[in-house]
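Colleague: The structure's right below; bear with me while I get my questions together.
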Amino acid sequence: MSDLEAFRRETRAWLEENCPQSMRSPVMSDKDQCWGGRNWTFQSEDQRLWLERMAEKGWTAPDWPSEYGGGGLSREQVKVLRQEMARIRARPPLHSFGVWMIGPAILKFGSEELKRQHLPPIVRGEIRWCQGYSEPNAGSDLAGLQTRAEDKGDHFIVNGQKIWTSYADKADWMFCLVRTNPDVKKQLGISLVLFDMATPGVSTRPIKLISGSSPFCETFLENVRVEKNQVVGEVDQGWTIAKYLLTHEREMIGGFGRTAAGQKTLPQQAVEALGVEQGRLADGMLRGDIARWELDAKAFEFTAERVVDEAKAGQGVGNASAMLKYYGTELNKRRQELLMAIHGSDAMVWEGEAWNEGALARQWLRSKGNSIEGGTSEVQLNVIARNILGLR
Amino acid sequence: MSDLEAFRRETRAWLEENCPQSMRSPVMSDKDQCWGGRNWTFQSEDQRLWLERMAEKGWTAPDWPSEYGGGGLSREQVKVLRQEMARIRARPPLHSFGVWMIGPAILKFGSEELKRQHLPPIVRGEIRWCQGYSEPNAGSDLAGLQTRAEDKGDHFIVNGQKIWTSYADKADWMFCLVRTNPDVKKQLGISLVLFDMATPGVSTRPIKLISGSSPFCETFLENVRVEKNQVVGEVDQGWTIAKYLLTHEREMIGGFGRTAAGQKTLPQQAVEALGVEQGRLADGMLRGDIARWELDAKAFEFTAERVVDEAKAGQGVGNASAMLKYYGTELNKRRQELLMAIHGSDAMVWEGEAWNEGALARQWLRSKGNSIEGGTSEVQLNVIARNILGLR
Amino acid sequence: MTGLVLNDEQQMLKDAARRFMQERAPVSQLRKLRDERDETGFSRELWQEMVEMGFVGTLIDEEYGGSGFGYVGMGQVFEEVGRNLTASPLFATAVLGATLLRNTGSDAQKQALLPAIADGSMIMALAVDERARHAPHYVETRAEAQGDGFVISGRKVAVVDGHVADKLVVSARTAGEPGDADGLTLLLVDRAAAGVTVERTIMVDSRNAAVVTFDQVAVPKDAVLGKAGDGYAVLQQTLDVGNAMLAAELLGIAQEAFDRTVKYLHERKQFGVTIGSFQGLQHRAAHLFSEIELMKSVVLKALTALDQQDDSAAQLVSLAKAKASEVAELATNEGIQMHGGMGMTDEFDIGLFVKRARPMQQLFGDYRYHADRFAADRGY
Amino acid sequence: MTGLVLNDEQQMLKDAARRFMQERAPVSQLRKLRDERDETGFSRELWQEMVEMGFVGTLIDEEYGGSGFGYVGMGQVFEEVGRNLTASPLFATAVLGATLLRNTGSDAQKQALLPAIADGSMIMALAVDERARHAPHYVETRAEAQGDGFVISGRKVAVVDGHVADKLVVSARTAGEPGDADGLTLLLVDRAAAGVTVERTIMVDSRNAAVVTFDQVAVPKDAVLGKAGDGYAVLQQTLDVGNAMLAAELLGIAQEAFDRTVKYLHERKQFGVTIGSFQGLQHRAAHLFSEIELMKSVVLKALTALDQQDDSAAQLVSLAKAKASEVAELATNEGIQMHGGMGMTDEFDIGLFVKRARPMQQLFGDYRYHADRFAADRGY
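Residue numbers (the numbering used here), protein chains in the order written: chain F, 24 to 415; chain W, 24 to 415; chain P, 53 to 432; chain B, 53 to 432.
The structure is reproduced here in structure tokens:
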């Protein structure tokens, strides 16, 4: 038996023993997600147990080095762990911008001191992070950010305003892009700094969207003190790290709109709502539009597969993330428009239990933001034209 | 009885007496068009008679002043003449870039001398004109033209190359944009000059298109002498006249693709080719695309109507020509793609009498040029964005 | 009116409607009604003002207290309603109710109800659809003859302004099966009648519709509008008028969304320049401009055909509703995208236009429904 | 092959095909054949070279003289054929003919014909369609049993390379009515047989198809491929293979048209700058790039499914052909438009790509045909 097989056997046995039964069903709503942090209220004792047990093994961040609390697993072992978790439909023990975003950035660019300070609490789900990138007057022009960090010797004093900070009102720490040098080309004077949201001068306000309430916040920074040792990488060199994280975010958003396991596919919903006549959906015009969408959706799915397969095989042109982000979010907007058409007046209701509190309409409206957040579709097209096609 | 009614009665009687019977049927092919000029061979004696009789009354250019050979009719009278000609399905006696383009420009911008020299032969169909605008390296950037006219005192010496000159190989005279001043902003140093195609140094070569042979030519100008009195308007001020003529041309091209009287509509062709089941075209996917096209085509038709009605009523924003050109040519391209789909493999044949010598395929290919000639779709969109929406 | 232009009277009505809606019923009013969770969803005071302005009586003949101004006229009012997202029962009452009575009402019915519509004292609603997607011939609701009248049982959805209506017109089956066009009868029912239940549904556009249930509702014989069993044809006429007005309102929505978006393109700066200087956005805006020009033409054409009782009016209404739905969807979606993140916030108005457009696109048939109807009418 | 990547052998075949087509059969060769009005429309010499390179035997098992390299392999050859607009009977003979024999031929038929295909000595063609739009079940051509064999009468259109074929496979009805799937029989017919008339049709892409008429053509019993009356299923398998190769060729066409267009955007100057600097064109090029990426994935997925005899192969082929048709149409149309006036001239090559794409899109079903088939297969 290979080492990997042995690992699989052990993992399976451990999961069997340690994953509480109630944690073995798909995440159905926001409440089922465990985000951790200082102010977290566990949904259930099982949720707490499951996080603690996994964190203990470092499996909330299985590929991180064990010296920083991670699982220290190889790429193959991580894959086995995911497979075994999927086998019993185990929920992720932790949803975390720490694990997904700032952790990897600290691992790649941060000082030893920062690693020792921040990574273990992330693994244990003790500190919840939020991302301070966008600003009201920057938008697509992220590098045009105006939040100023003034050098005060051993610390900075930060003033400015961030927007679109997900869960800023619930987070413990922020990783934040600030301008440390206003006198150089705009990409060059930016630094990535870390600070506690409890620092005096930090305040947040939730943003209401066209789809209703949202996790987004505005964050106001007024004379906020940030220690110099909380800069990730070099001062003025934050743009490189920001781009690294953005590519990551883009790929996540590009995956929007795939049908989750157990959910009815769009054609299935159409068949249920409209019926079939002579083997074809009863509404011929709508059928045509659904077929067009599904052809594209399948083609997109296979493209995401191919990009991964090529990366594994060391092939591929790279640069696929802009294309995936662009196409994936546009597809999801089309999907949501089709769902509105399929469900007709039922989809137009905004409140009321019988209509799931307007979930269809709210999802539809929320999807409009997919092609804006994480770099607009226009920005992705610019990236493709410039970086891949060399047009400028 | 009003004066206009009297005019209608006279006109009707005159047409009845003077329009040969064989000239009272629609123009079915290029051969049925009478273009006149020095080298014209009349298709029939009737064609010659019809031109001569109409030219005699000045009705080949009915709204031009009678002192230059025109009909001297009022706007209302011209309308009556057209109605009465349509009533007996009388063919246009003359197809002429002279009547349509350079004549109106000379009337508006030309010297008295030029009017007396050029307008009467145009009315009589004795001189056939062609337009020398585009150049190989200019394209959409018409004002970037490089054909040089060197000032030699009482004349210019012209050197350069024109492209897309319709019927240059058949025309007697050319109206031609040349650069008379290379040292000013590019729009400012352009003049519109007239010269005989028989002048030494003028040669032409027909252009073969993807759709087969075409009326287009390249025209080569090598030390061509042009008299100074053959400049329309002021020297260096030709750009204004060119724009005046281009708007005119754009409107003509925007009208492409309407179903001519007597021709089967696209849906009729589809019904014939594919059949109807339960009141609907047998191919549901194709039916949807045809419906989409026809909705847009009808909407476009009514828009062209509305623009005319608004102009008559002294309303409207003006500037409609760019929109009509853009939308009309894109619609016609869609129409031709649909015809290819409807007629399937029959539409793919290129030669052979049974397939009308590939007429379907050739029309389809030719339509691709509609959104390029007379200002590309991209240029029209620029015009709309800048001139109407004020975006720049 | 000659040709596709407004005559002076129509232009004056349009101008009056524009001034009125801008001053008295702008977008901020809809926002206020929403945020205060107003139970009716409209202002009675505004409604009286609309009566006084003559908007409510536009389609009602002078003998019944209206102005008899016609469909082109009412279309201008609705265009301005669309521009300002004005909330009122104008559509349900002054378009659907008035048209039904005008086209099919008996003299007694007209005498009793049209003046009450014209003076704003009565609100009506039309209960027609039973499925989430428009299908007016799919009717399960039955009206059984009983004694000297009928007893109605069934359930209707998406009844616009049903929650505030004094009287309902309901399509019920006196013969045939769901899916048949024959056998449909239109009946007038008091909202207060025993067995009528109205469940208010708050819609995505912060307007209202209702689910209306009829449980053994007894109505007298003279509740029938027109002839029993022949309701489908007159219903179609009314739906055509309704769809023409919806198209006009969508035109207002699309134009206003577009105007606001172009304004934003002029103002918003990114990378040191206004975003309107980017050719990518310029070309899309120019394309949208062209589509809106087409939309204007088809709306005016359909309204004119209704006024002229043109044989092809139904086909032209389907053309108008289809094209209006398509372009309004494009205009509102481009509006959000070009407003970027700010367009996603509830604080900006552009989102309200997206939210209002979709229910109107779908009501009485969306793009696909009318493209299908258009094609079938054109013989394919 | 694991996942959606080529293995080393497949990559080598692709590289070899690319070099070969570029050097021996580039676009200029098609132009030459056209301008010289070559009667066969292809070069026999080139055909022999393609045999020697092993392209012709890619789908034929080793025992019959081929390499048995499979569908993914042949797809790579066709992608390069598409890039260079290479004219040859590869599709009709080495794909359609070889697949039919391989899937349904008797041992005797295979022995007799497959080696002759592999060594280039025999050219085949498939006569299936009778209508201008693909409809393989619409067959009026009849094969009546007579004596020890059949007598065939009917008319087939759009028979690719029918004008040079030595042998034809024809779908004929031994039972049922036009429109039935049952009752179809596939028969091998000698081009030289009495009663066979072949009328060459020169197509828009300067390639050839033929109208083939069968007038009382007698064939022996062993001319039947597979089982009489059961031809439809095996025909569908062959059409699936054909459509996958057409999709691969369309991929080559789209990619080459796109590459040439991007190159032109880099070179052509207007208003003092390269036209590739205009964001309006940049965004359209970037969108097209994305579509071509999707096209690559579906083509490879379909070819892989055929090699793996996946149950969903037919569905994946329809996906590939539909998407390939759609994107090739977009790529070639954008190619012309972005080349401007020069693209309209016969002198530039871009027009040849437009001309080649459409017949291939339509052959064996266009976007709409396969979108319909895909949806039906998906249960809606």
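No residue lacks a Cβ here, since even glycine has one placed at the ideal position from N, Cα and C.
For clarity, every value in this text was computed on a predicted model and none was experimentally measured.
Taking the CB atoms as reference points, tell me whether residue 139(B) and residue 93(B) lie closer together than 9 Å.
Modeller: As a working mapping, residue 139(B) is identified with position 87 in the fourth sequence. As a working mapping, residue 93(B) is identified with position 41 in the fourth sequence. Yes, Cβ-Cβ distance for residue 139(B) and residue 93(B) is below 9 Å.
Colleague: Could you check the C-alpha separation between residue 83(B) and residue 408(B) for me, to the nearest Å?
Modeller: As a first step, residue 83(B) is located in the fourth sequence; it is residue number 31 there, counting from the start. As a first step, residue 408(B) is located in the fourth sequence; it is residue number 356 there, counting from the start. Distance between the alpha carbons of residue 83(B) and residue 408(B): 12 Å.
Colleague: Which residues, in chain order, does the region 292-309 of chain W contribute to contact with chain F at a C-beta distance below 8 Å?
Modeller: Listed by position, the residues of the region 292-309 of chain W near chain F (Cβ gap below 8 Å) are 303, 307, 308.
Colleague: Would you kindly check if the distance between the Cβ of residue 389(F) and the Cβ of residue 237(F) is under 9 Å?
Modeller: What you label residue 237(F) is simply residue 214 of the first sequence in a count that begins at 1. What you label residue 389(F) is simply residue 366 of the first sequence in a count that begins at 1. Going by C-beta atoms, residue 237(F) is nearer than 9 Å to residue 389(F).
Colleague: Name the DSSP beta bridge partners of residue 154(W), please?
Modeller: Working through the second sequence from its first residue, we reach residue 154(W) at position 131. Residue 154(W) is bridged to 198(W).
Colleague: Put residue 143(F) into one of helix, strand or coil per three-state DSSP.
Modeller: For the purposes of this step, residue 143(F) is identified with residue 120 of the first sequence, where counting begins at 1. Correct three-state label for residue 143(F): helix.
Colleague: Give the interface partners of residue 375(B) over in chain F, defined as CB-CB distance under 8 Å, in chain order.
Modeller: For the purposes of this step, residue 375(B) is taken as the residue at position 323 of the fourth sequence. Residues of chain F passing the Cβ test: 318, 319, 322.
Colleague: Is the beta carbon of residue 348(B) closer than 9 Å to that of residue 319(F)?
Modeller: For the purposes of this step, residue 319(F) is identified with residue 296 of the first sequence, where counting begins at 1. For the purposes of this step, residue 348(B) is identified with residue 296 of the fourth sequence, where counting begins at 1. The answer is no: Cβ separation not under 9 Å.
Colleague: Below 8 Å CB to CB, which residues in the same chain sit around residue 53(P) once its five sequence neighbours on both sides are set aside?
Modeller: On the third sequence, position 1 is the one that residue 53(P) refers to. Model confidence at residue 53(P) stands at a pLDDT of 45, short of 50, so the residue's coordinates are unreliable and nothing is read from them.
Colleague: Flag residue 360(W) as yes if its beta-carbon sits less than 9 Å from any beta-carbon of chain F, otherwise no.
Modeller: Position 337 of the second sequence, counted from the first residue, corresponds to residue 360(W). Chain F, which has no Cβ nearer than 9 Å to the Cβ of residue 360(W), makes this no.
Colleague: Using Cβ-Cβ distances below 7 Å, what residues of the region 300-318 of chain B are close to chain W?
Modeller: Answer in chain order: no residues at all.
Colleague: Can you have a look at residue 27(W) and say buried or exposed, based on whether 16 or more other CB atoms are within 10 angstroms of its CB?
Modeller: Within the second sequence, numbered from 1, the residue matching residue 27(W) stands at position 4. Counting Cβ neighbours within 10 Å, residue 27(W) comes out exposed, since fewer than 16 surround it.
Colleague: Buried or exposed for residue 87(P), going by 16 or more other Cβ atoms inside 10 Å?
Modeller: Sequence index remark: in the third sequence, residue 87(P) carries index 35 (1-based). Exposed.
Colleague: When DSSP labels each residue in this structure, what does residue 220(W) get in the three-state scheme?
Modeller: On the second sequence, position 197 is the one that residue 220(W) refers to. In the structure shown, residue 220(W) sits in coil (DSSP, three-state: anything other than H, G, I, E or B).
Colleague: Return the chain-ordered ranges of every alpha helix (DSSP H) run that is complete within the region 354-431 of chain B and spans a minimum of 4 residues.
Modeller: Counting only runs of 4 or more, we get 365-396, 402-414, 419-429.
Colleague: Is there a Cβ of chain P sitting closer than 9 Å to that of residue 167(F), yes or no?
Modeller: Counted from its first residue, the first sequence places residue 167(F) at position 144. Residue 167(F) counts as touching chain P.
Colleague: Determine whether the Cβ of residue 334(B) lies closer than 9 Å to any Cβ atom of chain P.
Modeller: Looking up residue 334(B) in the fourth sequence gives position 282. Output row for residue 334(B): interface = yes.
Colleague: Does the count of Cβ pairs from the region 248-267 of chain B and the region 305-320 of chain B closer than 8 Å reach three?
Modeller: Too few Cβ pairs lie closer than 8 Å, so no.
Colleague: For residue 331(B), would you say it is in contact with chain P, using Cβ-to-Cβ distances shorter than 9 Å as the test?
Modeller: The residue given as residue 331(B) occupies position 279 in the fourth sequence. Output row for residue 331(B): interface = yes.
Colleague: Measure the alpha-carbon distance for residue 354(B) versus residue 164(B) and round it to whole angstroms.
Modeller: The residue given as residue 354(B) occupies position 302 in the fourth sequence. The residue given as residue 164(B) occupies position 112 in the fourth sequence. Their Cα atoms are separated by approximately 30 Å.
Colleague: Going along the chain, which residues of its own chain have a beta-carbon closer than 6 Å to the beta-carbon of residue 70(F), five neighbours each way excluded?
Modeller: Residue numbering aside, residue 70(F) sits at position 47 when the first sequence is read from its first letter. Only 57 meet the Cβ criterion.
Colleague: Pull up the distance between the alpha-carbon of residue 408(F) and that of residue 224(W), whole angstroms please.
Modeller: The residue labelled residue 408(F) in the question sits at position 385 within the first sequence. The residue labelled residue 224(W) in the question sits at position 201 within the second sequence. Answer to the nearest angstrom: the Cα atoms are 45 Å apart.
Colleague: Could you tell me whether the Cβ of residue 314(F) comes closer than 9 Å to any Cβ of chain B?
Modeller: Residue 314(F) sits at position 291 when you count from the first residue of the first sequence. Taking Cβ atoms only, chain B reaches closer than 9 Å to residue 314(F), which makes this a yes.
Colleague: Where does residue 125(F) fall in DSSP's three states?
Modeller: For the purposes of this step, residue 125(F) is identified with residue 102 of the first sequence, where counting begins at 1. Helix.
Colleague: Measuring only the C-alpha atoms, how far is residue 337(P) from residue 311(P)?
Modeller: Along the third sequence, one-based indexing puts residue 337(P) at 285. Along the third sequence, one-based indexing puts residue 311(P) at 259. Looking at the two C-alpha atoms, the distance is approximately 10 Å.
Colleague: Measure the beta-carbon distance from residue 264(W) to residue 84(W) and round it to whole angstroms, keeping in mind my assumption that it falls under 8 Å.
Modeller: Here residue 264(W) corresponds to residue number 241 of the second sequence, with the count starting at 1. Here residue 84(W) corresponds to residue number 61 of the second sequence, with the count starting at 1. Residue 264(W) to residue 84(W), Cβ: 18 Å. No contact.
Colleague: Since residue 366(W) is in the alpha helix (DSSP H), which residue starts that stretch and which ends it?
Modeller: Taking the second sequence and counting its residues from 1, one reaches residue 366(W) at position 343. Start and end: 343-370.
Colleague: Does the beta carbon of residue 132(W) sit closer than 9 Å to a beta carbon anywhere in chain P?
Modeller: The count along the second sequence starts at 1 and reaches residue 132(W) at position 109. So, not an interface residue.
Colleague: From the DSSP output, in three-state form, read off residue 379(F) for me.
Modeller: Translated into positions along the first sequence, residue 379(F) becomes position 356. It is helical.
Colleague: Would you mind sorting residue 355(W) into buried or exposed? The rule is 16 or more other CB atoms within 10 Å of its CB.
Modeller: Residue mapping note: residue 355(W) aligns to position 332 of the second sequence, counting from 1. Residue 355(W) is buried by the Cβ-count criterion.
Colleague: Name, please, each residue of chain P whose Cβ falls closer than 9 Å to the Cβ of residue 333(W).
Modeller: As a first step, residue 333(W) is located in the second sequence; it is residue number 310 there, counting from the start. Per Cβ cutoff of 9 Å: 55, 56, 57.
Colleague: Once you ignore the five residues that flank residue 73(B) on each side, which residues in its own chain have a CB closer than 8 Å to its CB?
Modeller: Stepping through the fourth sequence from its first residue, residue 73(B) is reached at position 21. So the qualifying residues of the chain are 132, 133, 135, 136, 138.
Colleague: So which residues on chain F does residue 424(P) lean against when the C-beta distance must stay under 9 Å?
Modeller: Start at 1 with the first residue of the third sequence, and residue 424(P) comes out as number 372. Residues of chain F passing the Cβ test: 306, 307, 308.
Colleague: Helix or strand or just coil, what does DSSP make of residue 184(W)?
Modeller: For the purposes of this step, residue 184(W) is identified with residue 161 of the second sequence, where counting begins at 1. Here residue 184(W) sits in strand by DSSP.
Colleague: What number of angstroms, rounded off, separates the C-alpha of residue 272(P) from the C-alpha of residue 186(P)?
Modeller: Taking the first residue of the third sequence as 1, we reach residue 272(P) at position 220. Taking the first residue of the third sequence as 1, we reach residue 186(P) at position 134. Near 29 Å, if we compare the C-alpha coordinates of residue 186(P) and residue 272(P).
Colleague: Let me check one thing: in DSSP terms, what residues is residue 178(W) bridge-paired to?
Modeller: As a working note, residue 178(W) is residue 155 in the second sequence. Per DSSP, 250(W).
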